[in-house]
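According to my numbering, the sequence shown holds residues 102 to 482 in order. Notes follow the structure.
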Amino acid sequence: PGNIIVNKVPTTNAKAQFFVLFPFKTVEWAFQSPDPGGYPLIIDKFGKIRGLLDISYVLDMKPLPNGHYLYCNNVGNFHEIDLLGNYYHSIPPPTNVHHDFDLLSNGNIIYTATNLSLRGTIEDIIYEIDYKTGAIKNTIDLFEILDPYRKQLPGDPTGMSGVYDWFHNNSVFFDKRDNSLLVSGRSQSAVVKIDLATKKVKWILADSNYWEEPYKSLLLKPTGPNFSYSYGQHSAIASPNSSNQFIIFDNGNVRSYFNPLKPVNNYSRLVEYSVDPNAKKVTLSFEFGKQFGSENYTPALSNVDYITQDNMFICFGLIVKNRNGNAVNIATARDEGVPQIRLMEMDRLGNLNVDISIKNTDLTTPLNGIRTYRAHPIRFF
Numbered sequence: 102p103g104n105i106i107v108n109k110v111p112t113t114n115a116k117a118q119f120f121v122l123f124p125f126k127t128v129e130w131a132f133q134s135p136d137p138g139g140y141p142l143i144i145d146k147f148g149k150i151r152g153l154l155d156i157s158y159v160l161d162m163k164p165l166p167n168g169h170y171l172y173c174n175n176v177g178n179f180h181e182i183d184l185l186g187n188y189y190h191s192i193p194p195p196t197n198v199h200h201d202f203d204l205l206s207n208g209n210i211i212y213t214a215t216n217l218s219l220r221g222t223i224e225d226i227i228y229e230i231d232y233k234t235g236a237i238k239n240t241i242d243l244f245e246i247l248d249p250y251r252k253q254l255p256g257d258p259t260g261m262s263g264v265y266d267w268f269h270n271n272s273v274f275f276d277k278r279d280n281s282l283l284v285s286g287r288s289q290s291a292v293v294k295i296d297l298a299t300k301k302v303k304w305i306l307a308d309s310n311y312w313e314e315p316y317k318s319l320l321l322k323p324t325g326p327n328f329s330y331s332y333g334q335h336s337a338i339a340s341p342n343s344s345n346q347f348i349i350f351d352n353g354n355v356r357s358y359f360n361p362l363k364p365v366n367n368y369s370r371l372v373e374y375s376v377d378p379n380a381k382k383v384t385l386s387f388e389f390g391k392q393f394g395s396e397n398y399t400p401a402l403s404n405v406d407y408i409t410q411d412n413m414f415i416c417f418g419l420i421v422k423n424r425n426g427n428a429v430n431i432a433t434a435r436d437e438g439v440p441q442i443r444l445m446e447m448d449r450l451g452n453l454n455v456d457i458s459i460k461n462t463d464l465t466t467p468l469n470g471i472r473t474y475r476a477h478p479i480r481f482f
C-alpha cells in the first residue's frame, strides 16, 4: 500500500525535478515486508511516477562519472547499471555492505562493512576495494580509533545494545578537497571526521557526556545561538562550498542521556553544522523540520542531500505512527507502527518548495505502510 500525496504544489523555485527512492511495503510492523521490496522508483516533483526498475532490495544507488549508477543488493554485491536496467559490471566485496558507500578519487569504492570474524562486532569497519576486482586496498577499523565502550543513549534506539553494535556506522562520505571521510555512528550519536591518509580522527561532533581522553579532546565545542546536538543521526554530507560545513538527518532518538524525550514530544530534522577545525568549534548554521514536531518524527532510516548550496532535500523515510496517529518508537513498539515517507525540498530561508508524502490510506489495513532507507534528487538533463 502506498499512495503518493502532494501536500503542496511545487513552487517555481524548486531546484529538483525528479526523485528516486527505494520503497518497501510493510505489513503489521515497520520492518516486516511481504516481498523483497527496495525497487528503485522515480517520481517527479508533482508526485507522478516516471520510472520503476525491476531490481529488488536496493538500499541506495549513486551516480557514476560516466552517467551510470552504482547500487548494492542485499547479499552485498555492487552493480553498475543505467536507468534502463542494463548491467555493465558487478563487484563482489569481501564482506557485505550494510548502509552506505562512496567513490574515491582513484575510482575505488569505499563502504561501510561488517567483519564478525575480527572480534564479534558489527558495522564498525570501513573497506576500500578495487572497483574492478573487489580486492581490499585499505581498511579503517573504527574499533581501534574510537571508544567502543562509551555509554550509549538510554532506550537503545538501534534495538541492539552493548559492544556488539557499539557504533552502527550508517554513513560514509568522501571529501576529495581534504582527502577525508565523514562517518555517522548512530549508536554513539556521533559524526566523525577521519583523515584518509593517516586514518586518524580529526574531530568528533557528539553529545559531550561519557567521553574520555584522548577522544574528549577531539570533541567540537558548541558556539553561537540555538545550538543543539543530533541523536541517532544518518547521512552526513559535506557542503558543496566547504569541507567544514555539512548536513545530517537528525533522527533525534530520545535526545538526552538524562531526560529522554518520548516520540510524541520529539521531532526529526535536517541540520547543518559549520566547523572551525583549528579552534575545534562548531556552530549550527541551519535547521529544518523541527517546526513539524512529532508529525514527522522518524526514529530510523532517512537521509539528506544538498541540491545546491542554498537548496536542500530531506527524506523522512520511516515516519512511524500508531493506530491513533501518534508517533511511536519502533524499538519498543514492535506490535504497532504505520510507516510512511515524506520528501521535501527547502531553501536556506526555510521556504518549502516540494512536499510529497507516500503513505497507506487504506483504513482496512491500519498497520500496513511503506518505508524507504533513502531517497535522492535525480537529474536526467
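We put the beta carbon where it would ideally sit given N, CA and C, even for glycine. In this text the structure is predicted, and so the values were computed from the model without any measurement.
Residue burial classification, residue i (beta-carbon count within 10 angstroms, cutoff 16)
| i | result |
| --- | --- |
| G438 | buried |
| N310 | exposed |
| G103 | buried |
| E245 | exposed |
| M162 | buried |
| L153 | exposed |
| G286 | buried |
| Y97 | Given that the chain is displayed from residue 102 to residue 482, the structure contains no residue 97 and the question cannot be resolved. |
| H269 | buried |
| R472 | buried |
| F389 | buried |
| Q253 | buried |
| L185 | exposed |
| A339 | buried |
| L142 | buried |
From the options, residue whose alpha carbon lies closest to that of residue i
| i | options | result |
| --- | --- | --- |
| D406 | I479, V128 and L243 | I479 |
| T222 | L247, N404 and G263 | G263 |
| I210 | I182, Y172 and L217 | Y172 |
| N366 | G353, V376 and H169 | G353 |
| P440 | L450, V421 and N427 | V421 |
| L319 | V176, D183, V273 and V383 | V383 |
| T112 | L468, L385, N469 and M447 | M447 |
| K460 | A337, L297, P467 and I442 | I442 |
| Y158 | L142, G148, P137 and R151 | P137 |
| R220 | L243, N174 and Y232 | L243 |
| W130 | F481, Y474 and N469 | N469 |
| E314 | K116, D155 and L247 | L247 |
| A293 | N452, L371 and K381 | It is worth fixing the name first, because residue 293 is Val in this sequence and not Ala. Comparing Cα positions, the closest option is K381. |
| P341 | W312, P326 and I408 | I408 |
| I348 | V198, L385 and L453 | L385 |
| D203 | G168, P164 and S343 | P164 |
| Y140 | K149, N174 and A117 | N174 |
| I150 | P135, Q118 and V128 | Q118 |
| F481 | T127, V176, F132 and D183 | D183 |
| N427 | S272, G394, K277 and Y188 | G394 |
Counterpart residues of residue i in DSSP-defined beta bridges
| i | result |
| --- | --- |
| H200 | Bridge partners of H200: none, in fact. |
| T473 | P124 |
| A428 | K422 |
| L320 | I305 |
| R443 | F417 and S458 |
| Y170 | P164 and I182 |
| P478 | F120 |
| D406 | F414 |
The beta strand (DSSP E) enclosing residue i, as first and last residue numbers
| i | result |
| --- | --- |
| E388 | K382 to F389 |
| L153 | I150 to L153 |
| L142 | L142 to D145 |
| R370 | R370 to D377 |
| L283 | S281 to G286 |
| E229 | I226 to I230 |
Within 7 Å, strictly: CB atoms of residue i and residue j
| i | j | result |
| --- | --- | --- |
| N425 | H335 | no |
| S369 | Y398 | yes |
| L306 | L321 | yes |
| G418 | L402 | yes |
| Y249 | W267 | The sequence given here has Pro at residue 249, not Tyr. The answer is yes: Cβ separation under 7 Å. |
| L122 | A476 | yes |
| D144 | F125 | Rather than Asp, the amino acid found at residue 144 in this sequence is Ile. No, they are not a contact pair. |
| G235 | P193 | yes |
| T215 | D201 | no |
| G208 | Y232 | yes |
| S290 | D279 | no |
| D456 | N108 | yes |
| P400 | N430 | yes |
| I237 | P195 | yes |
| I106 | S458 | yes |
| E373 | F359 | no |
| Y474 | L205 | no |
Where the alpha helix (DSSP H) through residue i begins and ends
| i | result |
| --- | --- |
| E245 | L243 to I246 |
| S134 | S134 -> no alpha helix (DSSP H), and no H or E assigned at all. |
| R220 | L217 to R220 |
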